[in-house]
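For reference, the structure discussed in these notes is given below.
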Amino acid sequence: MKKSSTIIEWIKAILFAVITIVLFRLFFFEAFTIPSKSMEKSLLTGDYILVSKLSYGPRIPNTPLSIPFIHQQLPNEQKTKSYLNWIKLPYWRIGNLRAIKKGDIIVFNYPMEDNVPVDHRTYYIKRCVALPGDTLIIKEGQVYINQKYADFPEKLQFSYRLIPASNDTINTRKLRKMGITDGGIMYNKRDYWFTLSMDKINRIKSLLNIKKIEPLLEKKDIYNDFIFPGNDYFVWNTDYYGPLCIPKSGDSVKLTVDSLPLYSRIISIYESNKLMVRNDSIFINDKYTTSYTFKMNYYFVMGDNRHNSSDSRFWGFLPEDHIVGKALFVLVSVDKSSIPSTIRKNRWFKKIE
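Position 211, counted from 1, in the sequence shown is what the numbering used here calls 243; the numbers after and before it change by one each time, with no gaps.
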């Protein structure tokens, strides 16, 4: 009996610990790892970061019947879902400490996974560059909000073309020592390309014999069909984009067949309406309409590594119900690209800005 009582006490203690951790991760803070280079140089691959869910208000889960600590699928051959759809709760947040601001680095659920509940979609992290009601334009890869320059040049990286002086070659080993690893020789076997920030450009100029460094930008008025909204009425690309007005809750927009590609996903997917177009006429929930009033706020997010980031330029607006929280600081950082892996001690407990 004494042994049985001890086992029961252990079970109670473990259950209490699990419930406490689950609630803490759900409503307060959660740790995430950075898997890609889309936020360099602000965040590096291998950074383990702490995200505050209190900042913007913790979300009530859409699917409360879920297995703790497993995000989408069980680690088995059948790839069984880690959640049940028997109960689905509407979007709701419990208060907030502050509103989202331009420049905040935020964690969110990837909006394009329509077959997965919002709270179980893949986690992404980007910088918020435009708020609801803002008008965004991108020129030469730089962001302008409401006709004013509003970017963060000291935090950004772009792809650059490097032309060595005379017949010199670039010593890539020196670049690796400077932390420059993305890039290499170009098609003509003379010039090079590398992903660089402004401080690294200045270091290269002081250490290497470089004739010219120029950004590899797309040309203006060139249409890319993989850029949101994927319609040739909007002749946009990654470096020249907009103008685009970011939807705000309660605001109305005029709908035409030409403008509809910007808002069709909001209307039909994010805000759950029936949308149809017949003979150039737009019908929402079987009613003819020429306007639409937004129910939620939306945001525009971009990676700091501007030429290596899947962000709002590619998939569009970020709905407020997909936002998880604000990135606060780096807990630990491990460089897994080196052999063996090395710990970046200079990044421990570094504030994310």
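Glycine residues also receive a C-beta, built at the ideal position from the N, C-alpha and C atoms.
{"Query": "Three or more C-beta pairs closer than 8 Å, one from the stretch 173-185 and one from the stretch 99-118: is that the case here?", "Result": "no"}
{"Query": "Going by CA-CA distance only, name the one from D283, S229, L239 that's closest to R205.", "Result": "L239"}
{"Query": "Count the CB pairs spanning the stretch 199-219 and the stretch 261-277 that are closer than 8 Å, and state whether there are at least three.", "Result": "no"}
{"Query": "What residues match up with L82 in a beta bridge as DSSP calls it?", "Result": "A63, F361"}
{"Query": "Please work out which residues of its chain come closer than 8 Å, Cβ to Cβ, to Y265, disregarding the five sequence neighbours upstream and downstream, and give them in chain order.", "Result": "D290, P293"}
{"Query": "Using the three-state DSSP reduction, which class does K327 fall into: helix, strand or coil?", "Result": "coil"}
{"Query": "Inspect the beta-carbon positions of L350 and I384 and report whether they are closer than 9 Å.", "Result": "no"}
{"Query": "From the DSSP output, which residues share a beta bridge with W118?", "Result": "The partner list for W118 (beta bridge, DSSP) is empty, contrary to what the question assumes."}
{"Query": "What's the gap between the Cα of S323 and the Cα of D283?", "Result": "10 Å"}
{"Query": "Tell me the DSSP bridge mates of M308?", "Result": "F315"}
{"Query": "Whose CA, out of D318, D200, V161, L194, lies closest to the CA of Y181?", "Result": "V161"}
{"Query": "Express the C-alpha separation of Y331 and R153 in angstroms, rounding to a whole number.", "Result": "18 Å"}
{"Query": "To the nearest angstrom, report how far apart L188 and G211 are at their CA atoms.", "Result": "15 Å"}
{"Query": "If you compare alpha carbons, which of Y80, I119, L47 is closest to R100?", "Result": "Per the sequence shown, the amino acid found at residue 100 is Pro instead of Arg. When each option's Cα is compared against that of P100, the closest is L47."}
{"Query": "Does the structure place the stretch 46-65 close enough to the stretch 331-343 that three or more beta carbon pairs sit under 8 Å?", "Result": "no"}
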